[in-house]
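In case it helps, full-length UniProt numbering puts the sequence shown at residues 1 to 196. For each residue, glycine too, the CB sits at the ideal point set by N, CA and C. See below for the structure under consideration.
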Amino acid sequence: MARGSKNAPAAAENDKSLPDRRSRRSGTSSPDEELKAFRWQASEKLRRAQREEMTYKARMKSAAAHAESRQAKAHFREASKHLRYGLQLAVSVVKSVPYLIRDKREDRRLKADDAERQRAISHQHRLDEKLARERRSDNPTRESPREEAIRRELQPADVNLCAVRPAPLPVPQPGSGSPPPTPETQVRWRDGGLWF
């Protein structure tokens, strides 16, 4: 024991003579060590700056994403309303398809009638011109078909109102107080029928 007790203070002295490894490293003035420390500090600053930049960008992007999300929700709400309204209108249109078809048929019928009327008028006009040319060449004093049709319309038509001849109207006596019949009110008999 005595031996060990002698060596123990010697070991403590030897330990005191050797400097600490970390303190020796930090206290060195070698350029390689300084460069390594500087590089480590720079990379640490760069990592910190990148982390801050990433958090800043994340905040900015998340704020923009929240705003766009709110706008998208509003637009989707509006779009759903428009879609519902559009579907209601489409169903209403589908229900009224028969009426649309009838309307188109009526339009086509009116156009066809108008076209047929125009064709008939032009055909009648051509026939009238042809007859007029023939009559002028055959007999210049004869009436045109239009004039003849107008003359027929103006002539009173024979209308057989009754099969049995009624009793003649009493002729008013002078002094009876009733006015004499006018040509408009006189009823004339012709060929067994009345005409005015």
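For residue j and residue i, the rounded distance between their alpha carbons
{"i": "A49", "j": "R70", "result": "31 Å"}
{"i": "A42", "j": "L35", "result": "10 Å"}
{"i": "H82", "j": "R126", "result": "60 Å"}
{"i": "R61", "j": "Y85", "result": "First, the residue type needs correcting, since residue 61 is Lys and not Arg in the sequence shown. Near 35 Å, if we compare the C-alpha coordinates of Y85 and K61."}
{"i": "S122", "j": "K104", "result": "27 Å"}
{"i": "W40", "j": "S30", "result": "16 Å"}
{"i": "K45", "j": "A37", "result": "12 Å"}
{"i": "R109", "j": "E68", "result": "56 Å"}
{"i": "R188", "j": "R152", "result": "Its pLDDT being 48, under 50, R188 is placed unreliably in this model, and the value from its coordinates should be taken loosely. Roughly 19 Å separates the two Cα atoms."}
{"i": "Q118", "j": "A79", "result": "52 Å"}
{"i": "A149", "j": "D107", "result": "33 Å"}
{"i": "Y99", "j": "A115", "result": "24 Å"}
{"i": "R59", "j": "K73", "result": "21 Å"}
{"i": "H66", "j": "R77", "result": "16 Å"}
key: Entirely enclosed beta strand (DSSP E) segments - the region 37-96, minimum 3 residues   = none
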